[in-house]
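Every letter in the sequence shown is one number past the one before it in the working numbering, and letter 166, counting from 1, is 157. Positions of the beta carbon are idealized from the N, C-alpha and C atoms, including for glycine. Read the structure below first, then the notes.
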Amino acid sequence: MSETIESLLHEARSYPPSPEFVAQANANDPSIYDKAFHDPQGFWESWAKTLHWFQPWNRVCHFEPPVVEWFVGGKLNACYNCVDRHAEGDRANKRAIVFEGEPGDVREITYAELKVEVSKVANALKELGVQKGDRVCIYLPMVPELPITMLACARIGAAHTVVFGGFSADSLAERANDAEAKVIVTADGGWRRGSVVPLKKITDEAFEKHGCETVEKVLVLNRVGEAGGDVNMVEGRDVHWSEIVTRQSEDCPCEVMDSEDLLFILYTSGSTGKPKGITHTTGGYLTGVTATSKLVFDLKEDDLHFCTADCGWITGHSYITYGPLSNGATVLIYEGAPDTPDKDRFWRIIEKHKATILYTAPTAIRTFMKWGAEYPARCDLSSLRLLGSVGEPINPEAWIWYHTNIGAGKCPIVDTWWQTETGAIMITPLPGITATKPGSATHPFPGVHIKVLDDHGNGVEISGPHATNMTRGGYLVIEQPWPSMTRGIYNDPDRYKKTYWSRFPKNYFAGDGVKLDNDGYLWLLGRVDDIMLVAGHNISTMEVESALVDHPAIAEAAVIGKTHDIKGQAIAAFVSLRAGFTGSDALIAEIKGHVGKKIGPIARPDDVFISADLPKTRSGKIMRRLLRDIAEGRALGDTSTLADPTVVASLKDRYETSEG
Ligand code: WTA
-8 MSETIESLLH
2 EARSYPPSPE
12 FVAQANANDP
22 SIYDKAFHDP
32 QGFWESWAKT
42 LHWFQPWNRV
52 CHFEPPVVEW
62 FVGGKLNACY
72 NCVDRHAEGD
82 RANKRAIVFE
92 GEPGDVREIT
102 YAELKVEVSK
112 VANALKELGV
122 QKGDRVCIYL
132 PMVPELPITM
142 LACARIGAAH
152 TVVFGGFSAD
162 SLAERANDAE
172 AKVIVTADGG
182 WRRGSVVPLK
192 KITDEAFEKH
202 GCETVEKVLV
212 LNRVGEAGGD
222 VNMVEGRDVH
232 WSEIVTRQSE
242 DCPCEVMDSE
252 DLLFILYTSG
262 STGKPKGITH
272 TTGGYLTGVT
282 ATSKLVFDLK
292 EDDLHFCTAD
302 CGWITGHSYI
312 TYGPLSNGAT
322 VLIYEGAPDT
332 PDKDRFWRII
342 EKHKATILYT
352 APTAIRTFMK
362 WGAEYPARCD
372 LSSLRLLGSV
382 GEPINPEAWI
392 WYHTNIGAGK
402 CPIVDTWWQT
412 ETGAIMITPL
422 PGITATKPGS
432 ATHPFPGVHI
442 KVLDDHGNGV
452 EISGPHATNM
462 TRGGYLVIEQ
472 PWPSMTRGIY
482 NDPDRYKKTY
492 WSRFPKNYFA
502 GDGVKLDNDG
512 YLWLLGRVDD
522 IMLVAGHNIS
532 TMEVESALVD
542 HPAIAEAAVI
552 GKTHDIKGQA
562 IAAFVSLRAG
572 FTGSDALIAE
582 IKGHVGKKIG
592 PIARPDDVFI
602 SADLPKTRSG
612 KIMRRLLRDI
622 AEGRALGDTS
632 TLADPTVVAS
642 LKDRYETSEG
């Protein structure tokens, strides 16, 4: 990327919080920002004090980039904070987890019951040889036993590494081996679109292909029963959950952990190379997710928090397991696909359980747009009072659709920017304070110091409230330490330093581009690798995609820069249409014209290619690298992290035929 990122899209709509929402909000005094800005350590310390510590810290923060420690010398246990302190108090009979399986089975678990379940699993892990300081790999479907096993690990001081249940044997083995896991916890299978994902078989394949030498035992939950067929149990290695967990004592003391003891490792793929084992420690992480859950989601005692992420992603760690439970909230989890048995499944779940908060991803929202508004319209969504978005920039049109069709025009939307590495939400509205703008994640969370830097490391200037040029963008950098930041890449300090701390020394470089508008709002532009240079102008793929999705025929769009002799890069767009539209040359011409009108002729795509689906990772992020390979006629790079590899193969065939 050269020079600063120019940013072309303008979005003028603004949605202030309603007076009713402000009146009841957990955060409604704007001075919270100033106070935290001037004393971030004091701000975070006040949140750490809301947790239960066995021993207080003697220093709030020690920061020598890239080394950071928070609440130095403090002792606590994350499981105690998420479970015991509620189970032993007024919340004993309050529901901690409400679960709905894909086949429709429902389970409700109170905090008192959660303590029993977690303690039994913790004792079972101990019997299997797990000790404080060990790593446990969790490869489970999205059933209550997944967060329960995470908490059981935390209880006995073992770090967990959760591997998403949609990953392959190779991915599982790579992660279990890198983390040197002693035990793998898996299930006979999980439900997805009416079929069984055979997790135990995949685990066996991981052993066959890659050895997994550090793994001594495999604990196998019975989830799908006969539907999964025979489960092969390896003598001396594999143990049934029902044989070992059920007979354990309900009593398992929480280990006293140092604030800086490892809580978990979570692998992120990145677009190339070996996955990075992102580490998080105990005291700082728990402080960060506790504070953000309470303020960003405005969590209240009687809320039912529905986060649609899987615990295989950081969102499921921070905003299903640790953040909400530390606050004593009730979380709603769902095992399966959003279109099983029909495309209204999420809305049926919200209606049935009366969820009050929905936290989901733009990729899901755009899919719902594609399916049509009749699905949410036929369900009663009036229990919802707050909506959230995470994972990618949300295009303004998707934001408006979400606001109108899911939030009935009344629910505030929190568009939350953060990363596996940041542990907790970093840029977000506070729903009782911030006037939101569709497509902007708005402002840094209190106590978080964000900078927008140009190529030379200088702060990007904006030219005052009356300037017409609100288009300056740059690199997103975080300049002060925050408690939930990663402590590094597991067993690879050099890669950690190189990836995050070398572009702008002493500052954390997130890898994302961002623009700052004249009102001080931040607009995320996506990964800097995805920014195009067209005839000397930096254009973010995000902005062109938003202009495309603004066209009534388009549900989803992915834009890439394709090598071009004259312009450097030319814009190629891959789009999928909303229900009821069909592709034609006239429509393609109209779409190109629409982008030209919305952003300017410079952003008009050279090619628009219509496709039923776009290639996405399993967490729903579009794989632009593969689209570049297709558009530039190269052999496809690594496709192992794709959710559905057939999408890209058929896209390549059809693209080549149409170019032909
Ligand atoms: C992107 C997910 C724009 C961003 C919690 C980031 C976003 C990467 C947003 C991290 C958002 C996440 N607006 N972009 N609200 N949220 N991203 O590690 O590029 O799976 O760097 O963590 O997702 O993805 P990860």
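The way I'd put it, the stretch 156 to 171 does touch the stretch 205 to 223; three or more beta-carbon pairs between them come closer than 8 Å. Counting only residues of its own chain and dropping the five nearest sequence neighbours on each side, A143 has a CB closer than 7 Å to the CB of V109, V112, A113 and L116. G274: member of the alpha helix (DSSP H) spanning G274 to V287, first to last residue.
Within the stretch 281 to 349, the complete beta strand (DSSP E) segments at least 3 residues long are 295 to 298 and 321 to 325, listed from N- to C-terminus.
A distance below 7 Å separates the beta carbons of T259 and K267. By the CB criterion at 7 Å, A561 and K553 fall inside the cutoff. Of the candidates C302, G180, L277 and E547, the residue whose Cα lies closest to the Cα of T413 is L277.
With a beta-carbon spacing of about 22 Å, S631 and A603 fall beyond the 8 Å limit used to define contacts. Around the Cβ of P329, a 10 Å sphere holds 16 or more other Cβ atoms; the residue is buried.
With contact defined as three or more Cβ pairs closer than 8 Å, the stretch 488 to 506 and the stretch 536 to 548 are not in contact. I424 is not a Cβ neighbour of D406, given a cutoff of 7 Å.
Taken through DSSP and simplified to helix, strand or coil, Q46 comes out as strand. At the C-beta level, R82 and G314 stay beyond 7 Å of one another.
At a cut-off of 6 Å, the beta-carbon of A16 does not count as near the ligand WTA: no heavy atom of the ligand is closer than that. The Cβ neighbour count for T140, taken over all protein chains shown within 10 Å, is at least 16; the residue is labelled buried. Taking a cut-off of 8 Å for Cβ pairs, the stretch 273 to 291 and the stretch 8 to 25 touch, as three or more such pairs fall below it. Counting only beta-carbon distances shorter than 7 Å to the non-hydrogen atoms of the ligand WTA, the qualifying residues in chain order are T259, W304, I305, T306, S380, V381, G382, E383, P384, I385, D406, T407, W408, W409, Q410, T411, E412, A432, A501, G502, D503, L515, G517, R518, S610 and K612. In the three-state scheme derived from DSSP, where H, G and I count as helix and E and B as strand, P31 is classed as helix. Taking a cut-off of 8 Å on C-beta distances, the stretch 343 to 361 touches the stretch 297 to 306, as three or more cross pairs fall below it.
The shortest CA-to-CA distance from E99 to any of P135, N68 and T237 is the one to P135. Around the beta carbon of N49, fewer than 16 other beta carbons sit within 10 angstroms, so the residue counts as exposed. Between A548 and L539, the gap from beta carbon to beta carbon is short of 7 Å.
Ranked by Cα distance from P332, the first of V74, W232 and R183 is R183. Here the stretch 172 to 181 lies against the stretch 208 to 220, with 3 or more beta-carbon pairs under 8 Å apart.
Sorting S250, L105 and T419 by C-alpha distance to the C-alpha of H271 places S250 at the top.
Secondary structure note for N529: its beta strand (DSSP E) is the uninterrupted segment H528 to S531.
Collapsing the DSSP output to three states places E241 in coil. Secondary structure at W409: coil, using DSSP grouped into helix, strand and coil.
Under the DSSP assignment, L578 falls in the alpha helix (DSSP H) whose first and last residues are D576 to K589.
V550 and G584 have their C-alpha atoms roughly 16 Å apart. Residues G363 of the same chain have their beta carbon placed closer than 6 Å to that of A570, with the five preceding and five following residues left out of the count.
Taking a cut-off of 8 Å for Cβ pairs, the stretch 238 to 249 and the stretch 424 to 444 do not touch, as fewer than three such pairs fall below it. In its chain, beyond the 5 residues on either side, A364 and P367 have a beta carbon closer than 6 Å to the beta carbon of N396. Going by beta carbons, A160 and I193 fall inside the 7 Å limit. Collapsing the DSSP output to three states places G552 in a strand. Looking from the CA of K85, the closest CA among G624, R76 and Q471 belongs to R76.
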